[in-house]
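Quick note on the numbering used here: the sequence shown kicks off at -19 and runs consecutively. For reference, the structure is listed below as structure tokens.
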Amino acid sequence: MKPVRKAIFPVGGLGTRFLPATKALPKEMLPVVDKPLIEYAVEEARAAGVEEFIFVTGRGKSAIEDHFDNHQELERTLTERGKETELGLINGSKLQPGQIAYVRQMSPLGLGHAVWCARNLIGDEPFAVLLADDLIKSDKPTLVEMVEVYEEHGGNVVSLMEVPHEHTSRYGVVTPGAMKGELVEIEGLVEKPDPADAPSNLAIVGRYILQPQVMTYLGEGKSGAGNEIQLTDSMLELVGQSPFHGLRLSGRRFDCGNKVGFLEAGIAFGLDRPDMGAELRDRISALLSE
Ligand code: G1P
């Protein structure tokens, strides 16, 4: 079984749900406390053993490239001033030369299309996909848990969470088969079903481990829900070909593509920080009691 060494980060979206902030700033660069969303996703992939980081970008996303680059002037200044802590903070976003690649999604045709744009960099290896908008707070990084499932069962693994039945039309939803603890065999998948047609209320969180065969189906370019090329539709083709499991999320997922979800994430991550949690708690209490 080949290890999961590569990860795709689709970051080409226009971020229309976050205007005006995203007029010139990629939404993936919005910070939760003090770290951009994309850096959380990269850290998670790194913890899971990923060695090659593939960003599927679009127009106006150069700030992401700059963020993962060396910033020699800043580093020199921080070194001269003995700012070790700050140096440590910027080193967290550094990857080795050649570990990171960018490919353009030239038209916004959907998540499936974005993933397909990376096909030549993926080749014949299994790969992970991480959607930075789905920020997860958990003791153990979600992709680390998923890689453990992959190492035991092979095939494909997605992260799952229960959602209110009336929200199924916002997500990819699975038809669950046998369940064992947090592990769910997947018998089917459908993108954004009406609650009346949804096979369950188990929704896909933006974390995937997929076999490279999915690229062949994506290449057919069929439009699905919302008239977009959906990753979910091509994943369905893999069911029955190779093992397909869902792993229920052990942490909490924040929808950072949504303004309230993003604010909630900032508060949750801030409250958890030893350097500011107590003060933030006091200030939130004060605000709430006004
Ligand atoms: C995408 C996927 C969907 C998944 C969701 C998780 O949808 O297509 O299957 O449930 O991410 O956030 P999007 O949020 O891009 O519409």
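For each residue, glycine too, the CB sits at the ideal point set by N, CA and C.
Rounded to the nearest angstrom, the gap between the Cα atoms of P192 and E64 is 42 Å. For the options L54, E60 and E32, the alpha carbon positioned closest to that of Q79 is the one of E32.
Distance check between N207 and each of R187, R228, K172 and F234 places K172 closest, using alpha-carbon atoms only. In this structure, the CA atom of F107 is about 12 Å from the CA atom of G134.
A distance below 8 Å separates the beta carbons of N181 and H145. In this structure, Y188 has its CB at a distance of at least 7 Å from all heavy atoms of the ligand G1P. DSSP, reduced to helix, strand and coil, places L111 outside both helices and strands of the structure shown, so it counts as coil. Proximity of the stretch 107 to 122 to the stretch 145 to 163 falls short of the contact definition, fewer than three beta-carbon pairs being nearer than 8 Å. E19 sits buried, since 16 or more C-beta atoms from the chains shown fall within 10 Å of its C-beta. Under the 10 Å beta carbon count, I116 is surrounded by 16 or more other beta carbons and is classified as buried. Secondary structure note for D14: it is in no alpha helix (DSSP H), with a DSSP letter that is neither H nor E. Partner residues in a beta bridge of M9, as assigned by DSSP, do not exist. Nearest neighbour of I(-12) by Cα position, chosen from Q85, G168 and G152, turns out to be Q85. In this structure, the ligand G1P has no non-hydrogen atom nearer than 7 Å to the beta-carbon of I166.
Residue range G152 to K160 is occupied by the beta strand (DSSP E) that includes K160. In this structure E125 touches L227 by the C-beta definition: roughly 6 Å separates them, less than 8 Å. For L211, the secondary structure class from DSSP, reduced to helix, strand or coil, is helix. For Q191, the shortest C-beta to heavy atom distance toward the ligand G1P is 7 Å or greater. Distances between the C-beta of L198 and the heavy atoms of the ligand G1P are all 7 Å or more.
The alpha helix (DSSP H) runs of length 4 or more contained entirely in the stretch 172 to 259 are, from start to end of the chain, 194 to 198, 211 to 218 and 239 to 251. Taking the Cβ atoms as the reference, L218 lies roughly 6 Å from N136, within the contact range of under 8 Å. Counting the other CB atoms within 10 Å of its CB gives M(-19) a total below 16, which places it among the exposed residues. Per DSSP, T37 lies in no alpha helix (DSSP H); the unbroken beta strand (DSSP E) holding it starts and ends at E32 to T37. Straight across, the Cα-Cα distance linking R263 with F234 is about 22 Å. If you check the CB distance, E66 and L58 come in under 8 Å. Within the stretch 62 to 141, the runs of beta strand (DSSP E) that reach at least 3 residues and sit entirely inside it are, in chain order, 80 to 84, 107 to 110 and 114 to 117.
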